[in-house]
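Novice: Provided herewith is a single structure, encoded as structure tokens, for subsequent inquiry.
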Amino acid sequence: METADEAGMRALAAPDCTFVHIGVTCGLDKEIECYTSGLFKPVELVFHSKSARVYGDTAVVITDCDYGLLLDGKPTTHHFAVTEVYSLIEGQWRLVQFSFTALVYPSSK
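Residues in the sequence shown are numbered from 14 upward in steps of one, following this note's numbering.
Right under this line is the structure:
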């Protein structure tokens with residue numbers, strides 16, 4: 014997503030993956046379009062922490078980050094918890110759910 018790599022996004026995500034942002038919920042094709050069209054243009058990512066847990070054939074990754082981007086050409090930065098849910102599908106880990114949750118308190122570095 015950081016580099017609008019459509020092939021990489023399609024290789025990682027299940028075709029029916031759901032993406033949840035502030036203000037929009039969409040599927041993989043729309044998510045890719047948001048990045049490749051320049052609607053979302055990441056300019057700076059600051060990672061504070063990341064955790065991963067595996068529960069059988071499901072993995073959950075939570076990242077605490079500040080996400081700076083140009084959103085429809087306007088600069089904005091938000092503090093997010095990004096939740097990625099992966100499922101083991103035919104022997105390969107595939108992203109099935111990706112959610113941004115705005116955090117109102119500073120990160121606990």
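Just so it is clear, CB atoms sit at the ideal spot from N, CA and C, and this is done for glycine as well.
Of all Cβ atoms in chain D, is any one closer than 8 Å to the Cβ of residue 27?
Specialist: Absence of chain D from the displayed structure is noted, only one protein chain being present.
Novice: Would you kindly work out how many angstroms separate the C-alpha atoms of residue 29 and residue 110, rounded to a whole number?
Specialist: 9 Å
Novice: What does DSSP give as the partner residues of residue 18 in its beta bridges?
Specialist: The partner list for residue 18 (beta bridge, DSSP) is empty, contrary to what the question assumes.
Novice: Residues in the same chain with beta-carbon distance under 6 Å from residue 39, minus the five sequence neighbours each way, listed in chain order, please.
Specialist: Leaving aside the five residues that flank residue 39 on each side, the residues in its chain whose CB is nearer than 6 Å to its CB run, in chain order, 32.
Novice: In terms of alpha-carbon separation, which member of 91, 97, 19 and 117 lies closest to residue 51?
Specialist: 19
Novice: Could you have a look at residue 77 and say whether DSSP puts it in helix, strand or coil?
Specialist: strand
Novice: Which residue or residues does DSSP assign as beta-bridge partners of residue 54?
Specialist: 83
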